[in-house]
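Inspection log for the structure reproduced underneath, given as C-alpha cells.
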Amino acid sequence: MEVLETASVKAEAPARQADQPFDRETAVVYFQGRMRRYGECRLGPMTHALHYGTACFEGIRAHWNPAQEQLFLFRAREHYERLAQSAHILNMSLPLDPPRLCELTRELLAANGFRQDVYVRPLVYKSSEEIGVRLHGLEHDLLIYAQPFGRYIEATTGVRCMVSSWRRVDDNSAPARAKITGTYVNAALAKSEAVENGYDEAIVLGQDGHVSEGSAENLFIIRKGTLITPPVTDNILEGITRDTLMRLWSEDLGLPVLERSVDRTELYIADEVFLCGTGAQFSPVVEVDHRQVGTGKVGPYSQALGELYAKVVRAEVEKYREWCLPVY
Ligand code: PMP
-4 MEVLETASVK AEAPARQADQ PFDRETAVVY FQGRMRRYGE CRLGPMTHAL
46 HYGTACFEGI RAHWNPAQEQ LFLFRAREHY ERLAQSAHIL NMSLPLDPPR
96 LCELTRELLA ANGFRQDVYV RPLVYKSSEE IGVRLHGLEH DLLIYAQPFG
146 RYIEATTGVR CMVSSWRRVD DNSAPARAKI TGTYVNAALA KSEAVENGYD
196 EAIVLGQDGH VSEGSAENLF IIRKGTLITP PVTDNILEGI TRDTLMRLWS
246 EDLGLPVLER SVDRTELYIA DEVFLCGTGA QFSPVVEVDH RQVGTGKVGP
296 YSQALGELYA KVVRAEVEKY REWCLPVY
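Going by the working numbering, the sequence shown opens with residue -4, and the numbers climb by one from there.
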C-alpha cells in the first residue's frame, strides 16, 4: 500500500477548482495513522464496527469564502470534543487531542486542494476483526474522509415534514447524545418513511411523546419572539449548530431562548419552525403533517437568523471569527 506522508501530499496536491469533478479514488484520506489515497484503503470483511454498529462519527463542514479565497472549518474543535465524548461512551478514545485533530483535518483538506464547500467525516471504529457483540477488549482506529458537499435537504423554499411513526432512540437503550453509527438505523427508518411518503424530512418524538428532533437535525420553534428547543435530556444530539444558533439568537438578535420539552401540536401552531445541523445547515420548516406553519413561507425571524448564520460560517462576522479555522 502506498503510504503518503502528510507534508508530501500537501506539496503535491494541485489546487482544486470548484468546477473540477471530485475523484474519490485518488482523494486523500487519513486512514490507519497515515494520509493515503482512498482507493488504497482496505477494511477486512469481519471488522467489528461493520457488523455491530460499534463506531461513532462526526460531520464537520468547511465553507469556501470566495472573496477571501479561503476555506474555513467551522467549530472543528467542538466537533472533535463531541467525538471524544461519543468514543468514551463506547469505551474508545481518540489517538490525538481535539486541537491536534483540527490540525490534522486542515492538512487533509489542504492535501486535497479543496476550493469549495466541504464535508468532513471523522469515524472512530472498533477495528478488531472478530465475532462477538461487546464493547470491551477490542481494538479501535480513527479515519477521516472529506468530500465536496452542497445541500443536504433539497427543499429551497422551506421544508415539509411529517411526524414519524418511529420513536427516537432513548438514553437508556442506545444513547442519543452520542453519534453512534448503529443508532443511525433509527434516523434512516424515519428519513426514508418521510421521503417515501412525499415529505422532505421527519420529525421524531421521544418515548414519552415529546418532540425530540429531525432525523439528523435539531429542532426549534418560535412562539411570540421566543426561541424554544427541546432540552439535552429529551434524547437529542447535543448539536453544535443548535448551540451556534442559540448564541446568535440571544447575543445578536437580543431575544429570549427557552430549553424545554415541546409537544407535537406546538409544531402546528408555532409562528415559525426550523431544523438545523451541520448537514442541513439552517432549514426553515413550512409544513408539518399537512398543517401550514405560520404563513406557510419562511418567516421573518428564520430569515434573519438564517442570513446571519450563513455569514458566520463563512467567517464574515468578526465577533465569531474564532469559530472559523482557515485551512490555507
Ligand atoms: N441530531 C442528529 C441525530 C444529527 O445527526 C445531527 C447532525 N450531526 C444533528 C442533530 C445536528 O448536530 P450538529 O449541529 O452538531 O451537526
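Where is the CB? At the ideal position from N, CA and C, for every residue including glycine.
How long is the line joining the alpha carbons of T100 and T260, rounded to whole angstroms? Answer to the nearest angstrom: the Cα atoms are 42 angstroms apart.
Confirm the yes/no value for this check: CB of I235, any heavy atom of the ligand PMP, distance under 7 angstroms. Correct: I235 has its Cβ closer than 7 angstroms to the ligand PMP.
Identity of the residue in H205, F69, V288 nearest E267 by Cα: Ranking H205, F69, V288 by Cα distance to E267 puts V288 first.
For the ligand PMP, I want to know if T176 counts as a neighbour, meaning its beta carbon is within less than 7 angstroms of at least one of the ligand's heavy atoms. No, Cβ of T176 sits at least 7 angstroms from all heavy atoms of the ligand PMP.
With DSSP as the reference, label M241 as helix, strand or coil. In the three-state reduction of the DSSP assignment, M241 falls in the helix class, which pools H, G and I.
Indicate, with yes or no, if the ligand PMP has a heavy atom lying under 7 angstroms from the CB of N213. Distances taken from the Cβ of N213 to the heavy atoms of the ligand PMP include one shorter than 7 angstroms.
Determine the contact status of L78 and C97, defining contact as a CB-CB distance below 8 angstroms. Not a contact, by the Cβ cut-off of 8 angstroms.
By the DSSP assignment, the alpha helix (DSSP H) with P93 in it spans what residues? DSSP places P93 in the uninterrupted alpha helix (DSSP H) bounded by 93 to 107.
Which residue's Cα is closest to the Cα of G204: L118, V257, H74, F26? Sorting L118, V257, H74, F26 by C-alpha distance to the C-alpha of G204 places V257 at the top.
Is the beta carbon of R316 less than 8 angstroms from the beta carbon of N60? Between R316 and N60, the gap from beta carbon to beta carbon reaches 8 angstroms or more.
When you compare only the Cα positions, how much space is there between A183 and G153? Between A183 and G153, the C-alpha separation is close to 21 angstroms.
Would DSSP call I148 helix, strand or coil? In this structure, I148 counts as coil in the three-state DSSP scheme.
Can you tell me whether A182 sits near the ligand PMP, meaning its C-beta is under 7 angstroms from at least one heavy atom of the ligand? Yes, the beta carbon of A182 sits closer than 7 angstroms to at least one heavy atom of the ligand PMP.
Tell me whether G54, by its Cβ, gets closer than 7 angstroms to a heavy atom of the ligand PMP. At least one heavy atom of the ligand PMP is nearer than 7 angstroms to the Cβ of G54, so yes.
Looking at the unbroken alpha helix (DSSP H) that takes in L184, where does it start and where does it end? Counting along the chain, the unbroken alpha helix (DSSP H) around L184 starts and ends at 179 to 191.
Can you find the residues in the same chain that come closer than 6 angstroms, C-beta to C-beta, to P279, ignoring five residues on each side of it along the sequence? So the list reads G153, F269, V293, S297, once near-sequence residues are dropped.
If you reduce the DSSP assignment to three classes, tell me which class E64 lands in. If DSSP states are grouped into helix, strand and coil, E64 belongs with coil.
Host beta strand (DSSP E) of K174 (start-end): Here K174 belongs to no beta strand (DSSP E), and DSSP marks it neither H nor E.
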